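The structure under discussion appears below in the form of structure tokens.
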Amino acid sequence: MGFGPITDAQRVGYQENVTLALQQKRSRYRDFFTYQPNLKGRVALAIEVVGQETAIVDGARGGDTPAIEGSLEDTWMKPRQLEWGKLVEKEDQVKNMTDYTSTYVQTGAAAIARGEDMILRQSFFGPRLIGQDGTASEALTLTADYNFVPINYVASGAAANSGITIEKLNYAITLLAANEVDMERDVIAMAIGAKQENQLYNLLQYTSKDYRDKAVLDTERQRVASFGPITFVRDQNLPTNGTAKQRRCPLWVKSGMHYAEFDPLQTQMDRNPQKKFRVQAYMEEWFGATRGENGKLIMVDC
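The opening residue of the sequence shown carries number 124 in the working numbering; numbering runs sequentially from there.
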């Protein structure tokens, strides 16, 4: 069996096809996060959250020029490594591995996309880095009437545990508005599991005719694409409480969640002397995500 060299043309073809496949298998969350360009280093400043300021009304005649100092909070992002690799078992498969339809292209791209989703998902629930140099860590704190819709929320009457309901969605939107989010210009999204989607579809399709005109339904797949201003993201990996059968679903606006590619996806294919000189396919990306303002993320328990 011959061990021919891996050519530059094969490496370039592999990189191009993997990049194209990743675009087709794009992360489900990316379109609903704000992209932060040109971030480099071990920890990088993602955004500066500027507190609200109010202009002076009816200032004193001949008074001093205003010098209003508002609050400023730095939010940082840490890059995380994503990597995937696979050995080419047969020599005659080397020339086929650069094909767009090959498992070395499609499986690897899908694995990277799932890794991005994991990092984006974890940014909803995990701590965020703040402070002047990004060394301080702030855990997610859920507060009623600010960023949390409890599992037993009802608009009126006795509280009772429930799945996803129109009342919960309306209350979550109300909390965003109360936190002075620009509802007219921002993109609103919510991540839900399969059970929540089924509950919402049945609710809109068979029960709440008054709300049906506010929803976009995919009757063929029995899915709810959107309800009012909310676009739904389907994710079966949201955290659950096994004992209470409770799923925590984040609802957020695009300006409140951020991501960056610290080092875009790179591929490599070469012979591995430690694996009997079989060809090794490899992918690597450095990727990060973080919350911005806490008031732009609402947690809904179902």
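Just so it is clear, CB atoms sit at the ideal spot from N, CA and C, and this is done for glycine as well.
Note that this is a predicted model, so its numbers are computed, not measured.
Whole-Å CB distance - residue i paired with residue j, under 8 Å assumed
i	j	result
Glu-407	Glu-206	5 Å
Leu-299	Val-376	7 Å
Gln-369	Ile-274	6 Å
Gly-257	Val-141	So it is not a contact: roughly 31 Å between Cβ atoms.
Val-304	Lys-419	6 Å
Ile-421	Val-277	Actually they are not in contact, since the Cβ atoms of Ile-421 and Val-277 sit about 17 Å apart, beyond 8 Å.
Met-380	Arg-414	6 Å
Leu-374	Val-339	Actually they are not in contact, since the Cβ atoms of Leu-374 and Val-339 sit about 17 Å apart, beyond 8 Å.
Gly-411	Lys-201	6 Å
Arg-203	Ile-242	6 Å
Opening and closing residue of the alpha helix (DSSP H) in which residue i lies
i	result
Ser-260	Ser-260 -> not in any alpha helix (DSSP H); beta strand (DSSP E) instead, spanning 259-261.
Arg-134	131-147
Host beta strand (DSSP E) of residue i (start-end)
i	result
Phe-385	380-395
Ile-311	311-315
Glu-407	401-414
Thr-354	353-357
Asp-222	Per DSSP, Asp-222 belongs to no beta strand (DSSP E) and is neither H nor E.
Asp-424	420-424
Residues of its chain near residue i, where Cβ-Cβ distance is below 8 Å and the 5 sequence neighbours each way are ignored
i	result
Pro-250	Ser-260, Glu-261, Ala-262 and Leu-263
Ile-253	Glu-196, Asp-197, Thr-198, Trp-199, Ala-259, Ser-260 and Glu-261
Lys-337	Phe-350 and Gly-351
Tyr-294	Val-272, Tyr-276 and Ala-278
Helix, strand or coil at residue i [DSSP, three-state]
i	result
Gln-204	strand
Asn-284	coil
Val-304	coil
Tyr-158	strand
Lys-209	strand
Glu-320	helix
Gln-345	coil
Ala-233	helix
Ile-274	coil
Gln-328	helix
Ala-167	strand
Asp-98	In the structure as shown, the chain begins at 124 and stops at 425. Residue 98 is therefore absent and cannot be evaluated.
Ala-295	helix
Arg-184	coil
Leu-374	strand
Gln-255	coil
Asp-240	helix
Asn-417	helix
Arg-151	coil
Ser-246	helix
DSSP beta-bridge partners of residue i
i	result
Tyr-454	Limits of the chain in this structure are 124 at one end and 425 at the other, which puts residue 454 out of reach.
Leu-340	Val-347
Ala-267	Phe-271
Gln-369	Asn-364
Cβ shell of residue i (< 7 Å), same chain only, five flanking positions each side left out
i	result
Gln-319	Gly-286, Ile-287, Arg-370, Cys-372 and Cys-425
Thr-363	Gln-369 and Arg-370
Leu-292	Phe-350 and Ile-353
Gln-138	Thr-390
Asp-341	Ala-348
Same chain, Cβ closer than 6 Å to residue i, neighbours up to 5 away in sequence not counted
i	result
Ile-427	Absent from the structure is residue 427, since the part of the chain shown begins at 124 and ends at 425.
Gln-229	Ala-144
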